[in-house]
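Residue numbering for the sequence shown follows our numbering, starting at 2 and increasing by one per position.
Ideal Cβ positions, reconstructed from N, Cα and C, are used throughout, including at glycine.
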Amino acid sequence: MAQVYYRTPVGIALIAEDNGYICKVSICDGEADETTMDLPVLKEAIKQLAEYFAGDRKLFNLPLKQPGSDFQQQVWQQLLHIPYGSTITYQQQSHLMKNPLAIRAIAAANGKNNLWVIVPCHRVIGSNGSLTGYAGGLWRKQWLLEHEARIAGTGQIKLAF
């Protein structure tokens, strides 16, 4: 496994690959020097993240592979269908997955997502419109949603904590 650090507008991203697949993208507080790696998949991940933050990319096209149960994989796949600049609630996600009683399990699976921004769990909010549970911190979730809303032309969105 190889990894690099990449500075984003909201903190340092750790990007890891394993056997040619991006297996982890996480955000952290604190300091870490940007690093480089000659692996093409890591270079491409950095390029696509830079394009996302510049407002030039709405979809990621990377080979992804994160460990998880079949249920978690289904939840993460569904997240990829949430349009850029949009949000859905955990309840809506459970209905889209044809599993309306699994709201808590779906929320827990969202919380286990290891592919920050690329698998957009930040686009899932509470039924009352509030920002809920986000491993990267609620302020980052709000920043990402407002960034996407501006780029998508859906205007500045106001989200409650």
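What are the start and end residues of the beta strand (DSSP E) that includes Q4?
Here residue 4 refers to the residue found at position 3 when the sequence shown is read from its first residue. First-last of the beta strand (DSSP E) with Q4: A3 to T9.
Hey, is the region 123-135 in contact with the region 64-76, meaning 3+ C-beta pairs nearer than 8 Å?
no
State whether the region 137-149 contacts the region 99-111, with contact taken as three or more CB pairs (one from each stretch) at a distance under 8 Å.
no
Under a three-way DSSP split, which group does E18 fall into?
Here residue 18 corresponds to residue number 17 of the sequence shown, with the count starting at 1. In this structure, E18 counts as strand in the three-state DSSP scheme.
Check this for me: beta carbons of L63 and I107, under 9 Å apart or not?
The residue you call residue 63 lines up with position 62 of the sequence shown. The residue you call residue 107 lines up with position 106 of the sequence shown. No, the Cβ-Cβ distance between L63 and I107 is not below 9 Å.
Cutting at 7 Å between CB atoms, please list the residues of its own chain near C122, excluding the five before and the five after it.
As a first step, residue 122 is located in the sequence shown; it is residue number 121 there, counting from the start. L80, N111 and N114.
Note the first and the last residue of the continuous alpha helix (DSSP H) segment covering L65.
The residue labelled residue 65 in the question sits at position 64 within the sequence shown. Unbroken run through L65: none, as it is neither H nor E.
Within 10 angstroms of the Cβ of Q78, are there 16 or more other Cβ atoms? Answer buried if so, exposed if not.
The residue labelled residue 78 in the question sits at position 77 within the sequence shown. Answer is exposed; the Cβ neighbour count stays below 16.
Looking at the secondary structure, which residues open and close the alpha helix (DSSP H) in which G112 lies?
As a first step, residue 112 must be located in the sequence shown, where it is residue number 111. Note, G112: alpha helix (DSSP H), I104 to G112.
Backbone secondary structure at I119 - three-state DSSP
By 1-based counting over the sequence shown, the position of residue 119 is 118. If DSSP states are grouped into helix, strand and coil, I119 belongs with coil.
Straight-line gap, W117 to L43 (C-alpha atoms, nearest Å)
Position 116 of the sequence shown, counted from the first residue, corresponds to residue 117. Position 42 of the sequence shown, counted from the first residue, corresponds to residue 43. Each residue's alpha carbon lies about 15 Å from the other.
7 Å CB neighbourhood of Q4 in its chain, flanking five on each side removed
The residue given as residue 4 occupies position 3 in the sequence shown. Cβ neighbours of Q4 beyond the five flanking positions: L15, I16 and A17.
Taking the alpha-carbon positions, what's the Q93 to G86 distance?
As a first step, residue 93 is located in the sequence shown; it is residue number 92 there, counting from the start. As a first step, residue 86 is located in the sequence shown; it is residue number 85 there, counting from the start. Going by the C-alpha atoms only, they are around 16 Å apart.
So, I126 versus I89, is the Cβ gap smaller than 9 Å?
Working through the sequence shown from its first residue, we reach residue 126 at position 125. Working through the sequence shown from its first residue, we reach residue 89 at position 88. Cβ atoms of I126 and I89: closer than 9 Å.
Quick one: what's got a C-beta closer than 8 Å to M2's C-beta in the same chain, skipping five residues either side?
Position 1 of the sequence shown, counted from the start, is the residue given in the question as residue 2. Result list for M2: A17, E18, D19 and C24, in chain order.
Is C29 near G12, with beta carbons less than 9 Å apart?
Translated into the one-based positions of the sequence shown, residue 29 becomes position 28. Translated into the one-based positions of the sequence shown, residue 12 becomes position 11. Their beta carbons are under 9 Å apart, which means C29 touches G12 by this criterion.
I need the DSSP call for K99, collapsed to helix, strand or coil.
Within the sequence shown, the letter at position 98 stands for residue 99. Coil at K99, not helix or strand.
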